[in-house]
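Asker: Here it is, the structure, as structure tokens.
In our numbering, the protein residues as written are 557 to 932.
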């Protein structure tokens, strides 16, 4: 009888252990993805969302699962997760009709993916539209689309934010600061100024931005630089230009300056209708660059040549309208494109050898998505 009891107990223990192991495998195959949205009608969008959503991504098959609304914020149109996935930062993109500035929030990411609000700070100007974090994970930068203002904040040990510096760009009435990019060695910062057709260059010293000797590089009039991505080796930088739908390639000089070496259209030659460029990301392998087109409603794919310059690979349609932001999954297996005006996310499997994208089913429905951010 005693032997039988021990056998039954051992079997139950084994089953529990096996179940726990299977649950661990399932959890290990899931990545957290946060979705930034528009929640109200603005001049350029009919926002219908509730705030920040949490999705689970199955890293094996790429499928997405909605876990719910984790923060009710007005127009959280851009999100950024800090290193080690401990904190999430979100803008509240409020325009002039809502006051003289927007906000930036900081949240603690709880174990189940839910968010606990830590702090809320003024963005310093209307329409904050982008967040960047420096390589030391000590400073956050917020670009305001209006007013020529970029704000930086120190990240305290508890995730709260302390205002650190206000950067005022020249010609503020025309300036549209759209993003900040920090160099891989954390020595330089680059601000894409869509309104002035410039990328402003700064030295990053002791947490402060100081104008570089080469204060800016000017792009073609009407280019509208929006977002910047760096080559894996840091020797080249790429700007997605919103207004003329081009990608500009720059050689990064030894002192952090920029030299323009190529302009490449993000559209096929046959397309003659209206379009605005949106987002740009480089694949983790460093071999391919992807850029999103609003109007043509596509993802442009480029190969990064040994020279740093780009060559066309493909233009892949999205299953929606106005693909603003997109994200590449950890380890570069899938790409997800958020279509703002049709309320969905298109999933693509990435061919690691060619960079090409293969659309996956199903198309995921979610209200007014504009920013996708993985916890890495």
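Ideal Cβ placement from N, Cα and C applies to all residues, glycine included.
Can you find the residues in the same chain that come closer than 7 Å, C-beta to C-beta, to residue 764, ignoring five residues on each side of it along the sequence?
Answerer: Counting only Cβ-Cβ distances below 7 Å, and skipping sequence neighbours, we find 721.
Asker: Rounded to whole angstroms, what is the Cα-Cα separation between residue 708 and residue 833?
Answerer: Rounded to the nearest angstrom, the two C-alpha atoms are 26 Å apart.
Asker: Can at least three beta-carbon pairs, one atom from the region 585 to 593 and one from the region 858 to 872, be found at a separation below 8 Å?
Answerer: They do not touch, by the three-pair rule.
Asker: In whole angstroms, what is the alpha-carbon distance linking residue 878 and residue 799?
Answerer: Their backbone Cα atoms lie some 15 Å apart in a straight line.
Asker: State the Cα-Cα distance for the pair residue 627 and residue 678, rounded to the nearest angstrom.
Answerer: Straight-line Cα distance between these residues: approximately 18 Å.
Asker: Quick one, which of 692, 645, 919 has its alpha-carbon nearest residue 618's?
Answerer: The shortest C-alpha separation from residue 618 is found at 919.
Asker: Can you tell me whether DSSP reads residue 887 as helix, strand or coil?
Answerer: Residue 887: helix per DSSP, three-state reduction.
Asker: Which value, in whole angstroms, describes the spacing of the CA atoms of residue 703 and residue 731?
Answerer: If I take the Cα positions, the gap works out to 7 Å.
Asker: Identify whether residue 641 lies in helix, strand or coil by the three-state DSSP scheme.
Answerer: Helix at residue 641.
Asker: With distances taken Cα to Cα, identify the nearest neighbour of residue 716 among 683, 906, 727, 646.
Answerer: It is 646 whose Cα lies nearest to the Cα of residue 716.
Asker: Helix or strand or just coil, what does DSSP make of residue 939?
Answerer: Since the displayed the chain opens at 557 and closes at 932, residue 939 lies outside it and no answer follows.
Asker: Decide if residue 649 is buried, meaning its Cβ has at least 16 other Cβ atoms within 10 Å, or exposed.
Answerer: It counts as buried.
Asker: Which same chain residues end up closer than 8 Å to residue 866 when comparing Cβ atoms and leaving out the 5 residues on each side of it in sequence?
Answerer: The answer, listed in chain order, is 794, 803, 805, 818, 820, 845, 858, 859, 860.
Asker: Is the CB-CB distance between residue 835 and residue 848 below 7 Å?
Answerer: Yes; because the gap between Cβ atoms is below 7 Å, this pair is in contact.
Asker: Whole-angstrom Cβ separation of residue 772 and residue 840, contact assumed at under 8 Å?
Answerer: That belief does not hold up - the Cβ atoms of residue 772 and residue 840 are roughly 30 Å apart, past 8 Å.
Asker: Is it true that the CB of residue 875 sits closer than 7 Å to the CB of residue 928?
Answerer: Result no, Cβ atoms of residue 928 and residue 875 do not sit closer than 7 Å.
Asker: Which word fits residue 641, buried or exposed, when buried means at least 16 other C-beta atoms lie within 10 angstroms of its C-beta?
Answerer: Its Cβ having fewer than 16 others within 10 Å, residue 641 is exposed.
Asker: Among 636, 686, 666, 856, whose alpha-carbon lies nearest the alpha-carbon of residue 658?
Answerer: Among 636, 686, 666, 856, the Cα nearest to that of residue 658 belongs to 686.
Asker: Should residue 896 be labelled buried (16 or more other beta-carbon atoms within 10 Å of its own) or exposed?
Answerer: Buried.
Asker: If we ignore side chains and look at the alpha-carbon of each, how far apart do residue 774 and residue 755 end up?
Answerer: Roughly 7 Å between the two C-alpha positions.
Asker: Compute the beta-carbon to beta-carbon distance between residue 682 and residue 698, rounded to the nearest angstrom, for a pair I have assumed lies under 8 Å.
Answerer: That belief does not hold up - the Cβ atoms of residue 682 and residue 698 are roughly 12 Å apart, past 8 Å.
Asker: Expressed to the nearest angstrom, what Euclidean distance is found between the alpha-carbon atoms of residue 507 and residue 713?
Answerer: The structure shown has nothing for residue 507, since the chain only spans 557 to 932.
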